[in-house]
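See below for the structure under consideration.
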Amino acid sequence: MAIQVVPAEALGASSTPGEGAGGGDDLGSGRGRALRSLLRNPLGLVGAGLLLVVVLVALLAPLIAPYPPTQVHFDTPFQRLGTKGFWLGTDDLGRDLMSRVFYGTRASLEVGVLSVALAVVVGVPLGLVSGWWRLLDTFVSRLTDLLLAFPFLILAVGLAAVRGPSLTNAALALGIAQVPTMIRVVRAETLRWRGADFVTSARAMDAGSGWILGRHILPNAASAVIVQATVIMPVAIIGEATLSFLGLGIRPPAPSLGIMLSDAQQYIFRAPAAAVIPGVTIAVICLGFNFFGDALRDALDPTTSSR
Amino acid sequence: MSARAEATGSTQAVTPVLEVRDLEVAYTTEGHERTVLHGISFSIAPGERLAVVGESGSGKSTTAAALLGLLPGSGRVTGGSITFKGEDITRPGRERLLRLRGREVGLVPQDPMSNLNPVLRVGRQISETLAAHGVATGKAATQRAVELMEEAGIPDAARRARQYPHEFSGGMRQRVLIAIGLACAPELLVADEPTSALDVTVQRQILDHLETLRAARSTSLMLITHDLGLAADRADTVVVMSAGEIVEAGPTEQILRRPQHPYTQRLVEAAPSVSSARARVSVRQGEAPAGVQASGERASDTLLEAVGLTKRYRLRGQRGQEVVAVDDVSFRVGRGRTTAVVGESGSGKTTLSQLVLGLVAPTAGEVRIEGEVVETARGARRRAIRRAMQPVFQDPYASLDPTYSIEHIVDEPLRVARIGDRASRRRRVAELLDQVALPGSLAQRRPNELSGGQRQRVAIARALALEPRLVVCDEAVSALDVLVQEQTLDLLADLQDRLGLTYLFITHDLAVVRQLADDVLVMQGGTVVEEGAVEQVYAEPRTAYTRDLLDAIPGAEFFAEQAR
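So the sequence lines, in the order shown, correspond to chains U and S.
For what it's worth, UniProt numbering labels the leading residue of the first sequence as 1, then goes sequentially.
For what it's worth, UniProt numbering labels the leading residue of the second sequence as 1, then goes sequentially.
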């Protein structure tokens with residue numbers, strides 16, 4: 001019974017991690033201060049700015065892309081950067097690179113968000129129960145060790161191979177690959193807070209395990225979960241590019257930054273821009289998440305934010 | 001030339017080791033300069049022992065940090081001067097500072113747990129100090145380190161010098177820090193709350209030892225403490241600080257016996273060691289101990305009873321090895337009375353409180369509340385028993401969930417127990433905040449916006465929400481400043497009168513016990529070594545251990561004389 005309560009709580013928090021379990025106004029002024037500290041950090045601002053652009057591009061791709069991403073223009077292949085009508089040039093089939101990058105970014109973020117959601121939805125409850133109940137911990141932790149012993153890409157390749165290449169399957173594979181680290185993080189937070197005096201006093205007022213995990217430990221662990229999510233995100237995005245590059249992710253001709261790279265490599269000397277542009281895009285997305293995540297971690301960490 | 005020599009000669013006779021004039025220190029936060037020391041002046045003569053007394057935030061540690069050039073963050077000296085043996089060291093250069101620290105001014109820091117490097121052998125940390133100041137190097141330094149440890153009272157020093165800090169107890173680590181502080185034979189030793197993390201008996205041993213070492217070298221001492229009793233025992237001169245200013249300064253006798261400034265008067269009044277010492281003497285002088293008869297009368301009405309309580313913990317990774325935390329402890333707590341459990345760290349008093357609260361299952365024995373066994377109760381009965389007792393913990397920062405509002409914290413027990421609806425819970429919270437004398441406007445604040453004393457009141461309000469009969473206070477006032485401590489103790493006493501509460505008061509502070517408790521249990525090594533009415537135990541301790549504990553209360557003798 002208690003175990004069933006936890007995922008429900010975890011889900012509530014994971015879909016809107018910034019809000020914690022008790023609604024937006026439950027954010028402590030500690031987190032208000034964290035936000036201000038985040039905004040004072042130049043690297044954090046750069047990261048936030050990059051992310052804003054990336055997210056806007058992904059959301060508005062259908063509106064701002066000049067052509068459908070799969071539309072071929074056989075008469076104009078290998079256009080250069082700055083060509084009128086194809087500002088970023090075209091690939092071997094004359095597809096507009098700008099449109100494909102926009103849609104590719106959208107696909108990347110989709111995979112990223114889906115796999116982070118999966119890692120949170122599965123990892124957070126498992127982390128909570130394994131940090132709280134010793135008996136379950138033995139089981140969950142061994143499972144985590146086992147999963148972590150596999151290089152995550154091999155795991156993802158294996159899963160994609162079994163289930164066949166598609167965006168959903170790539171997200172699933174990458175999400176599962178990230179579950180163990182999320183379990184570890186949440187388990188550590190649970191161990192940290194389970195001995196806190198406010199948890200002990202909740203036990204003394206006869207609160208159940210579900211109550212304590214959902215209303216005390218989860219909100220206090222939320223910061224760590226958010227930070228971990230920003231760490232997982234770029235890993236998943238690169239993972240998607242890698243899988244698609246290998247032909248195990250999104251299926252062509254659907255646009256994906258990984259597929260664009262894979263297509264472009266055959267003509268890399270003839271049209272280097274076709275390879276460089278998706279590569280730079282991946283780098284920019286990941287850099288955005290990394291800068292933002294670093295600043296967020298500093299802002300939420302009381303030992304560094306006191307400055 | 002001769003005149004000049006004469007002048008220096010004549011001043012030298014009275015040149016203080018340290019002279020601070022109109023010292024001002026400010027911190028800059030987000031562009032705003034905030035002055036924390038407002039022109040303080042004092043001096044320390046050679047061989048003099050000066051105690052700087054004040055509450056947290058009064059600026060006493062800042063003063064010490066300023067004169068060692070150790071101000072943290074944006075802190076800097078903005079005015080006044082610091083003179084060390086006639087030399088201006090207000091803004092010393094890097095070189096000068098390196099020579100000053102450790103060599104000329106030794107420092108014994110506050111926390112023995114974090115002030116030693118955990119990955120270096122202890123002997124190495126002392127010889128490093130010697131080497132850094134060119135006092136001794138190589139083998140000689142190693143040898144000297146062992147000698148210093150011996151002098152600081154560490155037995156088997158040659159072997160222990162090769163051990164790491166984690167192999168030392170808190171008291172032993174503090175001795176190591178003293179050895180480091182005195183390593184280069186400084187002329188002034190700054191001791192910043194050197195023993196506040198230690199048990200009273202250990203505190204006394206260490207301070208006795210420090211005094212012996214200091215007297216032998218006629219080192220001057222600047223002792224920073226919040227404990228007036230400590231100042232009474234260990235200083236010639238007392239400087240009382242409040243809010244970055246010196247409110248009163250003078251010889252210890254004069255300041256503590258005839259305080260002039262209202263703040264000092266309040267501080268002296270509030271010091272638990274003072275009142276307990278006075279009370280102890282008054283009992284000794286033959287006044288009838290009131291509590292003794294009272295305990296006889298009311299013994300029949302027992303609220304809490306522990307029978308043969310035992311808790312053993314199995315050590316991890318060591319097969320079958322067990323630690324007995326609580327060993328066959330039996331006692332009764334009378335309804336409406338306050339029973340204190342005192343003991344030093346490791347005596348099992350906290351485990352005992354957790355056993356009573358039902359947070360830890362006993363290995364043997366049982367706890368009864370109104371005759372009902374806590375351990376075997378199930379369902380609604382168990383919930384009722386649980387709600388009949390509520391805890392208040394030591395650390396006002398850790399006991400409130402930082403993500404909750406005050407209202408949310410106080411009404412949590414009601415929500416857990418599904419009592420009332422939103423509106424009625426809100427009314428109850430207002431009522432509870434009122435009971436602990438907190439303004440209702442705090443309800444929507446977060447714990448981190450409150451002071452330590454306010455937080456502890458919130459914790460008390462939460463404990464009272466379910467209308468418990470027994471409140472278990474585990475070191476509930478130990479982390480608070482002396483004035484706040486007194487207010488909190490007054491509040492607890494007041495609540496007891498109004499609500500008929502029974503307290504089980506776990507503490508290491510024997511001085512506090514005297515203020516609040518009716519009965520006392522003295523614990524040592526998991527067993528109860530002495531129990532009885534407070535007046536009786538304090539006046540005529542039956543065991544040597546209790547006597548040691550009582551004698552170790554700082555200032556006990558000093559204030560006892562005064563009471564006489």
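Ideal Cβ positions, reconstructed from N, Cα and C, are used throughout, including at glycine.
Look at residue 412(S): its C-beta is under 8 Å from a C-beta on chain U. Not flagged as an interface residue toward chain U: residue 353(S), since no C-beta distance is shorter than 8 Å.
Judged by DSSP in its simplified three-state form, residue 166(S) adopts helix.
Only buried fits residue 65(U), as 16 or more other CB atoms lie within 10 angstroms of its CB. Counting along the chain, residue 84(U) sits inside no beta strand (DSSP E), nor does DSSP assign it H or E at all. Note that the C-beta distance between residue 189(S) and residue 225(S) is not below 8 Å.
Taking 8 Å as the threshold, the shortest C-beta distance from residue 398(S) to chain U falls below it. Going by beta carbons, residue 489(S) and residue 235(S) fall outside the 8 Å limit.
Per DSSP, residue 40(S) is one residue of the beta strand (DSSP E) stretching across 32-44. Beyond the five residues adjoining it in sequence on each side, residue 425(S) comes within less than 6 Å, by CB distance, of 411 and 414 in the same chain, given in chain order.
The Cβ neighbour count for residue 268(U), taken over all protein chains shown within 10 Å, is under 16; the residue is labelled exposed.
Around the beta carbon of residue 113(S), fewer than 16 other beta carbons lie within 10 angstroms, which makes this residue exposed. No Cβ of chain S is located within less than 8 Å of the beta carbon of residue 297(U). DSSP places residue 519(S) in the uninterrupted beta strand (DSSP E) bounded by 519-524. CA-to-CA, the gap between residue 472(S) and residue 229(U) works out to about 41 Å.
Sixteen is the threshold: when 16 or more other Cβ atoms of the shown chains lie within 10 Å of the Cβ of residue 193(U), as they do, the residue is buried. In this structure, residue 175(S) lies near residue 152(S), with their beta-carbon atoms less than 8 Å apart. For residue 238(S), the secondary structure class from DSSP, reduced to helix, strand or coil, is strand. Secondary structure of residue 323(S) (DSSP, three-state): strand. Within chain U, the C-beta atoms nearer than 9 Å to that of residue 393(S) come from 197, 198, 200 and 201, in chain order.
Close to chain U, meaning a Cβ-Cβ distance shorter than 9 Å, are the following residues of the segment 337-368 of chain S: 354, 357, 358 and 359. Residue 231(U) sits in a helix when the DSSP states are folded into three classes.
Less than 8 Å divides the Cβ of residue 303(S) from the Cβ of residue 333(S). Looking at the DSSP output, residue 222(S) bridges to 50(S) and 190(S). For residue 286(U), the enclosing alpha helix (DSSP H) stretches over residues 272-300. Not a single unbroken stretch of the alpha helix (DSSP H) spanning 4 or more residues falls wholly within the segment 50-84 of chain U. Looking at the DSSP output, residue 262(S) sits in no beta bridge, so it has no partner there. Contact note: residue 207(U) reaches chain S through 416, using a C-beta cutoff of 7 Å and chain order. Taking 8 Å as the threshold, the shortest C-beta distance from residue 216(U) to chain S falls below it.
For residue 502(S), not one C-beta of chain U is nearer than 8 Å to its own C-beta.
480(S) is the residue among 469(S), 480(S) and 341(S) whose C-alpha sits nearest the C-alpha of residue 452(S). In the structure shown, residue 121(U) adopts helical secondary structure according to DSSP, grouped into three states.
DSSP places residue 265(U) outside any beta strand (DSSP E), giving it a letter other than H or E. With respect to the 8 Å criterion, residue 103(S) and residue 184(S) are classified as neighbours on the basis of their beta carbons.
Fewer than three pairs of CB atoms, one per stretch, sit closer than 8 Å, so the segment 83-97 of chain S makes no contact with the segment 155-170 of chain S.
Taking every protein chain shown into account, the CB of residue 32(S) has fewer than 16 other CB atoms within 10 angstroms, so this residue is exposed.
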